[in-house]
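Data first, discussion second: the structure below is written as structure tokens.
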Amino acid sequence: MKELTLSISGMSCQHCVKAVLQVLSSLPGVKPVRVDIGQALVTYDPALIHPDAIAEAITEEGYDVQNN
Numbered sequence: 008m009k010e011l012t013l014s015i016s017g018m019s020c021q022h023c024v025k026a027v028l029q030v031l032s033s034l035p036g037v038k039p040v041r042v043d044i045g046q047a048l049v050t051y052d053p054a055l056i057h058p059d060a061i062a063e064a065i066t067e068e069g070y071d072v073q074n075n
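Just so we're aligned, residue 8 is where the sequence shown starts under our numbering, counting upward by one.
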């Protein structure tokens, strides 16, 4: 498992946090560690998913993402 920190813009409330948490939880091989307004920390299995796919899933939810 690898760790990934994502900077997420467009989040403004706990509803946004919940939406991002739901997206992350639905991805194979991804375990959310912490999701706050503007940032998410996850662990992921690189054999199952690439960091770009994680960012893309959050982007499809309506937020802008940068991998750190």
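Glycine residues also receive a C-beta, built at the ideal position from the N, C-alpha and C atoms.
If you check the beta carbons only, do residue i and residue j fall under 8 Å apart?
| i | j | result |
| --- | --- | --- |
| TYR51 | LEU13 | no |
| ASP59 | SER16 | no |
| VAL42 | ILE61 | no |
| VAL30 | GLU68 | yes |
Kindly indicate the opening and closing residues of the alpha helix (DSSP H) around residue i.
| i | result |
| --- | --- |
| ALA47 | ALA47 -> not in any alpha helix (DSSP H); beta strand (DSSP E) instead, spanning 46–51. |
| ILE65 | 58–67 |
| ALA26 | 21–33 |
Taking the continuous beta strand (DSSP E) assigned at residue i, which residues delimit it?
| i | result |
| --- | --- |
| LEU13 | 9–16 |
| PRO39 | 37–43 |
Determine the direct distance from the alpha carbon of residue j to that of residue i, and round the result to whole angstroms.
| i | j | result |
| --- | --- | --- |
| VAL24 | SER32 | 12 Å |
| GLN21 | ILE44 | 7 Å |
Please check the pair residue i and residue j, which I expect to be a contact at CB under 8 Å, by giving their CB distance rounded to whole angstroms.
| i | j | result |
| --- | --- | --- |
| LEU28 | ILE56 | Not a contact, Cβ separation roughly 16 Å. |
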